[in-house]
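Numbering (UniProt numbering), first residue to last: 1 to 351.
Following: one structure in structure tokens, then a few remarks.
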């Protein structure tokens, strides 16, 4: 059976969470439970139950399986996990109490939100509203997964980008279905917090990566890893000078847990690694350093399947998360790449 994670990563996340005991005996509902991030939450909770808790945390895992893929998509039987195949766009009836709702359902890959634009809008708007009503009913703490995409294409004066930046986003175009849906989702969280006193928090992830990403995710690092596995030249879209920062999955999940546990009511937090800011061409150099060999690549036009209008720079200001929830990324880019590429070499087919 293919493992979508490195057990050492799960152990590392669990060890870094000093406040983990606050989950003991609680019930957590996770949407997007078979997605990249949802599966990590579940594995960390399973680790808590095995190693730290006498009274286990109970998981209600929800997913409609539209983009969940195959790697690690099936759960091993676990008495503390109740999986439900369900689309959050439809109302969900849950009888038992729920202490936390982690609303991670969504279509995050540009390839897939271009393919499923209506579904992308619906899950972030209708699905979020449904989950917020459930949080209101159950008096649950609610975590909404927004995106760094809500900032659009910031000007240089707003990079690194703080949570206070209002964005430079177009409501028209192939990326708008994702960007605007997340902005509406944030507004819904604000309304439910103000009107119904729901304890909401919003996270804006910045380019998370790590073991468990689907080979056909179509974002840059899985694309590169797949080509390396197949011994084919890497394909760089555009001029390769667009820049990003990347956050390894252990730092990402640790930060997300910290928001759930310690985030101030109604607040939004950037979660990511602010350095290094690297171009796509730089990433090739980093990969060559990690693998200690030359990697051929071609610079090509964007494919039709990839939505145009990609932001030129993307880098988070995480000072608010540092000060408010003690969020400090620990894994440097080359170390994260080493772990990721070791895993993809074992688990990708090469396409």
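All residues carry an ideal CB built from backbone N, CA and C; glycine is no exception.
Remember, it's a predicted structure, so these values are computed and weren't measured experimentally.
Item to complete: Please go through the same chain and pick out, in chain order, the residues whose beta-carbon is closer than 6 Å to the beta-carbon of residue 221, but skip the five residues on each side of it.
Response: What you label residue 221 is simply residue 221 of the chain shown in a count that begins at 1. So the qualifying residues of the chain are 209.
Worksheet item: Candidates 345, 228, 330, 249: which alpha carbon is nearest residue 41's?
Response: For the purposes of this step, residue 41 is identified with residue 41 of the chain shown, where counting begins at 1. Measuring from the Cα of residue 41, the nearest candidate turns out to be 249.
Item to complete: To the nearest angstrom, report how far apart residue 38 and residue 132 are at their CA atoms.
Response: On the chain shown, position 38 is the one that residue 38 refers to. On the chain shown, position 132 is the one that residue 132 refers to. The alpha-carbon separation between residue 38 and residue 132 amounts to approximately 18 Å.
Worksheet item: Could you give the distance in angstroms between the alpha-carbon of residue 170 and the alpha-carbon of residue 153?
Response: Position 170 of the chain shown, counted from the start, is the residue given in the question as residue 170. Position 153 of the chain shown, counted from the start, is the residue given in the question as residue 153. The straight-line gap separating the alpha-carbon atoms of residue 170 and residue 153 is approximately 9 Å.
Discussion item. I'd like to know whether the C-beta atoms of residue 135 and residue 32 end up nearer to each other than 8 Å.
Written reply: As a first step, residue 135 must be located in the chain shown, where it is residue number 135. As a first step, residue 32 must be located in the chain shown, where it is residue number 32. Cβ distance not < 8 Å, so residue 135 and residue 32 don't count as in contact.
Fill in: Extent of the continuous beta strand (DSSP E) to which residue 29 belongs
Here residue 29 refers to the residue found at position 29 when the chain shown is read from its first residue. From DSSP, the beta strand (DSSP E) with residue 29 extends over 27-31.
Item to complete: Within its chain, find whatever has a CB closer than 8 Å to the CB of residue 286; leave out the 5 residues flanking it on each side and keep chain order.
Response: By 1-based counting over the chain shown, the position of residue 286 is 286. Cβ within range, chain order: 278, 333, 334, 337.
Discussion item. Less than 8 Å between the beta carbons of residue 150 and residue 313, yes or no?
Written reply: In the chain shown, counting from the first residue as 1, residue 150 sits at position 150. In the chain shown, counting from the first residue as 1, residue 313 sits at position 313. Contact: no.
Practice prompt. Could you check which residue in 116, 5, 214 has the C-alpha nearest to that of residue 177?
Written response: The sequence position of residue 177 within the chain shown is 177, counting from 1. Comparing C-alpha distances from residue 177 to each of 116, 5, 214 shows the shortest one belongs to 116.
Discussion item. On the DSSP letters alone, give me the boundaries of the beta strand (DSSP E) that residue 58 sits inside.
Written reply: As a first step, residue 58 must be located in the chain shown, where it is residue number 58. Residue 58 -> beta strand (DSSP E) spans 58-63.
Discussion item. Would residue 110 pass as an interface residue toward chain D - the criterion being a Cβ-Cβ separation below 8 Å?
Written reply: Among the protein chains of the structure shown there is no chain D, as only one such chain exists.
Worksheet item: Thinking just about the alpha-carbon of each residue, which of 304, 46, 175, 24 is nearest to the one in residue 121?
Response: As a working mapping, residue 121 is identified with position 121 in the chain shown. Scanning 304, 46, 175, 24 for the CA closest to the CA of residue 121 turns up 175.
Fill in: Separation of residue 126 from residue 95, as counted between CA atoms
Residue numbering aside, residue 95 sits at position 95 when the chain shown is read from its first letter. Residue numbering aside, residue 126 sits at position 126 when the chain shown is read from its first letter. Taking the straight line joining both Cα atoms gives about 21 Å.
Worksheet item: What's the call for residue 187, buried or exposed, on a 16-neighbour Cβ count within 10 Å?
Response: By 1-based counting over the chain shown, the position of residue 187 is 187. Exposed, by the Cβ-count rule.
Worksheet item: Which runs of the alpha helix (DSSP H), 4 residues or longer, sit entirely within the stretch 135-185?
Response: Taken in chain order, the complete alpha helix (DSSP H) segments of 4 or more residues contained in the stretch 135-185 number zero; there are none.
Worksheet item: Around the Cβ of residue 183, are there at least 16 other Cβ atoms within 10 angstroms (buried) or fewer (exposed)?
Response: In the chain shown, counting from the first residue as 1, residue 183 sits at position 183. Its Cβ being crowded by 16 or more others within 10 Å, residue 183 is buried.
Fill in: From 197, 147, 218, 52, residue whose alpha carbon lies closest to that of residue 111
Looking up residue 111 in the chain shown gives position 111. Selected option, being the one with the closest Cα: 218.
Discussion item. For residue 86, tell me which candidate among 164, 167, 34 has the shortest Cα-Cα distance.
Written reply: The residue labelled residue 86 in the question sits at position 86 within the chain shown. It is 34 whose Cα lies nearest to the Cα of residue 86.
Fill in: Cβ contact check for the stretch 53-66 and the stretch 18-30: 3 or more pairs under 8 Å
Put simply, the stretch 53-66 touches the stretch 18-30. At least three CB pairs are less than 8 Å apart.
Discussion item. Give me, in chain order, the residues of the same chain whose beta-carbon lies closer than 8 Å to that of residue 148; leave out the 5 immediate sequence neighbours on both sides.
Written reply: Taking the chain shown and counting its residues from 1, one reaches residue 148 at position 148. Here the set comprises 161, 204, 205, 206, 207, 270, 272, 314, 316.
Item to complete: For residue 349, name the three-state secondary structure that DSSP assigns.
Response: Numbered from its first residue, the chain shown carries residue 349 at position 349. In this structure, residue 349 counts as coil in the three-state DSSP scheme.
Worksheet item: Which residues in the same chain as residue 165 place their Cβ atom closer than 8 Å to its Cβ, once the five residues preceding and following it in sequence are excluded?
Response: Residue 165 sits at position 165 when you count from the first residue of the chain shown. Correct list, in chain order: 151, 154, 158.
Discussion item. Considering only the alpha carbon of each residue, which of 232, 294, 139, 297 lies closest to residue 351?
Written reply: Taking the first residue of the chain shown as position 1, residue 351 is located at position 351. Ranking 232, 294, 139, 297 by CA distance to the CA of residue 351 puts 232 first.
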